[in-house]
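Report on the structure given below.
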Amino acid sequence: MKRLLLLLLAGAGLWLAACSSLTSTAASTSLSDRLVAPGGVSTLLDTARIAAAVDSVPNRHGRVTSRTGVPIFWRAFDPGQYGLRYEYLAQQHENGEPLQTGLALALPTPFRAQPPRGTVVLLHGWMMNGDAMLPWSLQLAQAGYRVVTIDLRNHGHSGAGPSGYGTFESDDVIDVIDALQARGEVVGPLYLFGVSYGAATAVFAADKLGDRVSGVVAMESFANAGDAIRSMIPHLMALQPSAWKAQAMAAYGRWRYGGQDIDAVIAAASQRLDLDLDRVDVARALADTRACVLLVHGQDDQHVRVDQGRRLALASPRVHYIEMRGEDHITLPLRLDLLGGVVDDWLAQEGSAGARCAAPQMPHEADRLVMAQLQAQAPRG
């Protein structure tokens, strides 16, 4: 299969996606509208190309109606060999041009599904969808797991509902898992893997599912929704991309939303959602989670700043934290080349009897000094 370009899997923090969210509804002058609902699909997603890539590999899909009546779309990939080859393409994403990802497949004919060693549920970021996680889906499927991707409410093929910054969405995820488990789609040890908004959702879901979850992989999660919004919005407003379309979008966002008080915006969104965003506390949920957690954050992340990841790292002795030098909110989920083997190894250890909360492999790019300092501060238990 020819190399697939523009297959994007970074989560909510893809900056042009976020800018699109700030500027997608011309009639709206309230930034709180953009916090209540995504307002569109990331302009960085080449949806036709991604759909073609997904359709080229065996998969099953369907919908589950959640307890609140929201139809939630899921897709399942069986374990097996997909002939996956992945190349990380370094590029200057600040210019606003679409990112390129190198993915090649050589699917054997006939494809032979293998017995799953467990199930991994993948959760995407804001303004993305489950199909955008295809590289991780196939990486994990080749490692022997059945992979289930879920389109969160207000995203992809799922229905609309109030955004919950992981709180409401985690209930949807549990409803899908329950339904698929009854059908035999969810088998063996269960793992949750989320990116950004999806990472927070994974932590909330793991807390609610208790001993049913064997492990959680959380990339670039926020620790508190209100704090993350207060740091993200000024960063997005200050961006100066060079591409003309991105320049226009950024200028429009500053003109329409730049003068609004962020605290008032958060308060207005909280009232509309009937959810206090300053109390959406992922750190507290993580502290109560019984599952082992592999937490990964980019040191250069300016969307969900690294201090949020460090706060989460201190929340529980069941957390193993990896802080990656030179990676930001956009590049980190794309580093399948650096992190694919790390995740595979950690999941395999977590699935072994008596190996609860085993330490992961550490890539050379990890900042071991920072992690050692955090480990010294971490609670014992």
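Residues in the sequence shown are numbered from 8 upward in steps of one, following our numbering.
Backbone N, C-alpha and C define an ideal beta-carbon position, used for all residues, glycine too.
Take the alpha-carbon of Gln309 and the one of Thr156: they are about 27 Å apart. Among the bridge pairs identified by DSSP, Tyr198 is matched with Val127, Gly222. Asn136 and Leu199 have their C-alpha atoms some 16 Å from each other. The C-beta distance from Gln315 to Ala258 rounds to 28 Å, too long to meet the 8 Å contact threshold.
The beta carbon of Ala322 lies closer than 7 Å to those of Ala290, Leu293, Ala294 in the same chain, with the five residues before and after it left out.
The beta-bridge partner set that DSSP reports for Pro78 consists of Thr72. In the DSSP annotation of this structure, Ile329 is not part of any alpha helix (DSSP H); the continuous beta strand (DSSP E) holding it starts and ends at 326–331.
Distance from the Cα of Tyr93 is smallest, within the candidate group Gly348, Leu187, Leu284, Tyr328, for Gly348. Runs of the alpha helix (DSSP H) spanning 4 or more residues and lying entirely within the segment 131–160 occur at 141–149, in chain order. Scanning Val154, Pro123, Ala150 for the CA closest to the CA of Asp138 turns up Val154. Exclusion of the five residues before and after Val61 leaves Arg82, Asp138, Leu141 as the residues of its chain whose Cβ lies within less than 8 Å of its Cβ. Fewer than three beta-carbon pairs drawn from the segment 183–191 and the segment 322–333 are found closer than 8 Å, and the two stretches are therefore not classed as touching.
Taking 7 Å as the cut-off, the beta carbon of Ile273 is found no closer than this to the beta carbon of Leu282. Collapsing the DSSP output to three states places Gly217 in a helix.
By a beta-carbon distance limit of 8 Å, Leu130 does not contact Phe84. Their separation comes to about 15 Å. Just measuring C-alpha positions, the residue of Leu345, Ala298, Ser165, Pro340 sitting nearest Asp214 is Ala298. The distance from the Cβ of Phe118 to that of Gly173 is about 34 Å, inconsistent with a contact at the 8 Å cut-off.
As the crow flies, the alpha-carbon of Gln380 is around 11 Å from that of Ala320. Around the Cβ of Ser277, a 10 Å sphere holds 16 or more other Cβ atoms; the residue is buried. Secondary structure note for Leu339: it is in no beta strand (DSSP E), with a DSSP letter that is neither H nor E. For Gly166, the CB contacts under 6 Å within the same chain, skipping 5 residues up- and downstream, are Val77, Pro78 in chain order. If the five residues before and after Ser221 are omitted, its C-beta is found closer than 8 Å to the C-beta atoms of Gly125, Pro196, Leu197, Tyr198, Ala298, Cys299, Glu357, Gly358, all from its own chain and listed in chain order. Between Arg67 and the set Ser203, Gln88, Phe80, the nearest pair of CA atoms involves Phe80. Taken through DSSP and simplified to helix, strand or coil, Arg67 comes out as strand.
Put simply, the backbone Cα of Ala383 is about 48 Å away from that of Ala55. In this structure, the beta-carbon distance from Met226 to Ala209 does not fall below 7 Å.
Just measuring C-alpha positions, the residue of Gln88, Ala120, Pro122 sitting nearest Leu114 is Gln88. Nearest to Pro65 by alpha-carbon distance, out of Ser37, Ala148, Ala111, is Ala148.
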